[in-house]
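Undergrad: All the letters of the sequence shown, read from the start, carry residue numbers 2 to 421 under my numbering.
C-beta: ideal position from N, C-alpha, C; glycine also.
Nothing here was measured: the structure is a model prediction, and the numbers come from that model.
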Amino acid sequence: MNENENEKTKGSEVRERPSRRTRPVRKTQGQILQEALGLEPEALKNIEAKLSIIKFLDYFSEETLNFIFKKSNVDNHIEKISEKIEKLDLGGEEDKLLKKGFEDKKIVETVERLTTKVEEFALSKGISKSIDKRLRNLSFIVSAPLLGIAVIFLILPYFNIPVDSFLMFPLLCVFCMVPQLVKNSVVKKWNNFKEENRSEIYTKNRDDFVVLKSYIGEVLANIRSNLLEMEVPLELIKFSLFNRDYENLHLINQKKIKGLTENYVSFEYPEGMDPFPIPEMLRQQYEKPIFPEKKKDEKPEKNFVVLTEMKGKDGIITSFIPSLKDSLAEEINQLLNDSEFTESPLKFTEIIPNYSEDMAIYCICGEITEISIVNICNWKNKFKYYLFEGKQCQCGDQIYALSPMDSSEEIPEELKEIFY
């Protein structure tokens, strides 16, 4: 092989992403508003933090069954919410009242109590494991015999036993299709179970659900009051809820997701009040839907998780704590723009061999993220890290996770805010 061919081969190992480099860095809704309306950065971060609290409590109150037998997952969400609630002490009187309401209504205890009661209900119906664990176990049970048969067909020729190659093709088809068919069947039964028992679960635990929804209403009222005080055009703040039983919300659009209706909403102005004018530079953003249907070739770059306190060596990760870093979306996008991508020689199951409920990357809705692509990213030839790309979750979100490759490697000063 000549020198030119060598260079060509080396160059082909690097998967650059022109789309990331040519597109402008994506900014969060808060950053766009901040620049256009001249607002303080902390003011909108406060709003975004409250909206994230609402998103979890709203989803939990509608899909409590999705959180049963997932203690570490629930604890992780409670910890994040509690951290954001504690920061409300630094705000004004309304924020302090919001924190007091969180404590007086005992939101943490309510979430934990609901989880326990719904788990007991599921046990009474013969369900003792989370849907994720059941799917993993069934997949193994179905795949193991098929794999055994495939191995037998492969070794028979070594014993001079002829094997018709035409038999291998249907075998491979069965090997690929049966686990997926079993999975689809289990998921369908699980969704039917949720629909059949949703009303009974709500009726038996009505008081606790009312407490959660009452607090969500308080947070929504607080956010709306803050936005009016800052004179932010309410049409620009668009978000999603699964429950519509809240006051002063305007329905923009709806989307059906696995038996649930996701409602895209914005706040309504007080009766008789004229809307705030929308700055010209934001008008195009307002007229374009905040939540358009995702194109197949378009990958969102906003839901970033970083594996902090990571322990690992030689590219194998043994432990970590997943930390949502959506507030650093702009910085992470810039990091990705400045990095070169190569495909990892190791599979995800080799990189994190003990990936499970006790140590997993979670979607914002609480589901375990299924990783589809693993990239090794090289930042300015100074630092290498993993980028795990998750499949689109049933809630519609998609998670991207970043992690150092070796816990002993020094993280550059410019990147410490992201990785710590």
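Taking only the alpha-carbon atoms, compute the straight-line gap between V220 and L228 and give it to the nearest angstrom.
TA: Position 219 of the sequence shown, counted from the first residue, corresponds to residue 220. Position 227 of the sequence shown, counted from the first residue, corresponds to residue 228. Computed Cα separation, rounded: 12 Å.
Undergrad: My understanding is that M360 touches Y386, with C-beta atoms under 8 Å, so please give their C-beta distance in whole angstroms.
TA: Translated into positions along the sequence shown, residue 360 becomes position 359. Translated into positions along the sequence shown, residue 386 becomes position 385. Contact between M360 and Y386 does not hold, since the beta-carbon distance rounds to 19 Å and is not under 8 Å.
Undergrad: Quick test of your reading: E263 and N67, contact by CB under 8 Å. State the CB separation rounded to the nearest angstrom.
TA: As a working mapping, residue 263 is identified with position 262 in the sequence shown. As a working mapping, residue 67 is identified with position 66 in the sequence shown. That pair is no contact at about 14 Å.
Undergrad: Let's test the definition: count the other Cβ atoms within 10 Å of the Cβ of M282 and tell me whether it reaches 16, buried, or not, exposed.
TA: Sequence index remark: in the sequence shown, residue 282 carries index 281 (1-based). Counting Cβ neighbours within 10 Å, M282 comes out exposed, since fewer than 16 surround it.
Undergrad: When you compare the stretch 241-255 with the stretch 70-83, are there three or more beta-carbon pairs, one atom per stretch, that lie closer than 8 Å?
TA: no
Undergrad: Would you list, in sequence order, the uninterrupted beta strand (DSSP E) runs of no fewer than 3 residues that lie entirely inside the stretch 325-377?
TA: 340-344
Undergrad: Flag this pair as yes or no: are the beta carbons of V307 and L213 separated by less than 9 Å?
TA: Counting from 1 along the sequence shown, the entry for residue 307 is found at position 306. Counting from 1 along the sequence shown, the entry for residue 213 is found at position 212. The answer is no: Cβ separation not under 9 Å.
Undergrad: Under 9 Å, do Y356 and F243 count as touching if we go by C-beta distance?
TA: In the sequence shown, the residue the question calls residue 356 occupies position 355. In the sequence shown, the residue the question calls residue 243 occupies position 242. No, the Cβ-Cβ distance between Y356 and F243 is not below 9 Å.
Undergrad: With distances taken Cα to Cα, identify the nearest neighbour of E201 among V183, L325, K126, M274.
TA: Taking the sequence shown and counting its residues from 1, one reaches residue 201 at position 200. Cα-wise, what sits closest to E201 is K126.
Undergrad: Can you give, in chain order, each stretch of the alpha helix (DSSP H) that sits fully within the stretch 64-102 and has at least 4 residues?
TA: With a minimum length of 4 residues, the unbroken runs of alpha helix (DSSP H) contained wholly in the stretch 64-102 fall at 72-87.
Undergrad: Looking only at its own chain, which residues have a Cβ that is under 6 Å from the Cβ of I55, when we skip the five neighbours before and after it?
TA: In the sequence shown, residue 55 corresponds to position 54, counting from 1. Hits under 6 Å: I217, V220.
Undergrad: Bridge partners for W191 per DSSP, in chain order?
TA: Position 190 of the sequence shown holds residue 191. Paired residue(s): none; W191 is not in a bridge.
Undergrad: Out of curiosity, what's the CA-to-CA distance linking K348 and F389?
TA: Within the sequence shown, the letter at position 347 stands for residue 348. Within the sequence shown, the letter at position 388 stands for residue 389. Cα to Cα, K348 sits roughly 11 Å from F389.
Undergrad: Compute the Euclidean distance between the alpha carbons of I279 and Y247, then round it to the nearest angstrom.
TA: Position 278 of the sequence shown, counted from the start, is the residue given in the question as residue 279. Position 246 of the sequence shown, counted from the start, is the residue given in the question as residue 247. Each residue's Cα considered, the two are about 25 Å apart.
Undergrad: Looking only at its own chain, which residues have a Cβ that is under 6 Å from the Cβ of E371, when we skip the five neighbours before and after it?
TA: For the purposes of this step, residue 371 is taken as the residue at position 370 of the sequence shown. Contacts found: K392.
Undergrad: Mapping DSSP to helix, strand and coil, what is P405?
TA: Looking up residue 405 in the sequence shown gives position 404. Looking at P405 - three-state DSSP - the assignment turns out to be strand.
Undergrad: Could you give the first and the last residue of the continuous beta strand (DSSP E) run that contains S267?
TA: Reading the sequence shown from its first residue, position 266 is the one you call residue 267. Residues 261-268.
Undergrad: Output the distance between the C-alpha atoms of K383 and N47, rounded to the nearest integer angstrom.
TA: Locating residue 383 in the sequence shown gives position 382, counting from the first residue. Locating residue 47 in the sequence shown gives position 46, counting from the first residue. If you take the alpha carbons of K383 and N47, they lie about 34 Å apart.
Undergrad: Distance, Cα to Cα, E17 vs T343?
TA: On the sequence shown, residue 17 is found 16 positions in, with the first residue counted as 1. On the sequence shown, residue 343 is found 342 positions in, with the first residue counted as 1. Low per-residue confidence applies at E17: pLDDT is 46, beneath 50, and the placement is therefore not dependable, though the value from the model is reported in the following sentence. One C-alpha to the other measures close to 8 Å.
Undergrad: Let's test the definition: count the other Cβ atoms within 10 Å of the Cβ of T10 and tell me whether it reaches 16, buried, or not, exposed.
TA: Against the sequence shown, residue 10 aligns to sequence position 9. Note that T10 scores 43 on pLDDT, short of 50, meaning its location in the model is unreliable and no value can be drawn from it.
Undergrad: Taking only the alpha-carbon atoms, compute the straight-line gap between W191 and I132 and give it to the nearest angstrom.
TA: As a first step, residue 191 must be located in the sequence shown, where it is residue number 190. As a first step, residue 132 must be located in the sequence shown, where it is residue number 131. If you draw a straight line from the Cα of W191 to the Cα of I132, it is about 8 Å long.
Undergrad: CA-CA distance, I352 and K130?
TA: Translated into positions along the sequence shown, residue 352 becomes position 351. Translated into positions along the sequence shown, residue 130 becomes position 129. Cα-Cα distance, rounded: 26 Å.
Undergrad: Near Y203, what residues of its chain come up, given a Cβ to Cβ distance below 7 Å and the 5 sequence neighbours on each side ignored?
TA: Your numbering for residue 203 matches position 202 in the sequence shown. So the list reads F210, once near-sequence residues are dropped.
Undergrad: May I ask you to report which of helix, strand or coil DSSP gives S241?
TA: The residue given as residue 241 occupies position 240 in the sequence shown. In this structure, S241 counts as strand in the three-state DSSP scheme.
Undergrad: Let me confirm a value: L403 is counted as buried when at least 16 other C-beta atoms fall within 10 Å, else exposed. Which label applies?
TA: Here residue 403 is taken as the residue at index 402 of the sequence shown, counted from 1. By the 10 Å Cβ count, L403 comes out buried.
Undergrad: Quick one: what does DSSP say G426 is sitting in, helix, strand or coil?
TA: Look at the range of the chain in this structure, 2 to 421, and you will see that residue 426 is not part of it.
Undergrad: Kindly indicate the opening and closing residues of the beta strand (DSSP E) around Y386.
TA: On the sequence shown, position 385 is the one that residue 386 refers to. First-last of the beta strand (DSSP E) with Y386: 384-391.
Undergrad: Can you tell me which of the three DSSP states N249 falls into?
TA: For the purposes of this step, residue 249 is taken as the residue at position 248 of the sequence shown. DSSP places N249 outside both helix and strand once states are collapsed to three, so it counts as coil.
Undergrad: I need the DSSP call for K300, collapsed to helix, strand or coil.
TA: For the purposes of this step, residue 300 is taken as residue 299 along the sequence shown, with counting starting at 1. At K300, the pLDDT of 43 sits below 50, so the modelled position is not reliable and the matter cannot be decided from this model.
Undergrad: What does the alpha-carbon distance come out to for the pair E414 and G273?
TA: Position 413 of the sequence shown, counting from 1, holds the residue named residue 414. Position 272 of the sequence shown, counting from 1, holds the residue named residue 273. In a straight line, the C-alpha of E414 is about 53 Å away from that of G273.
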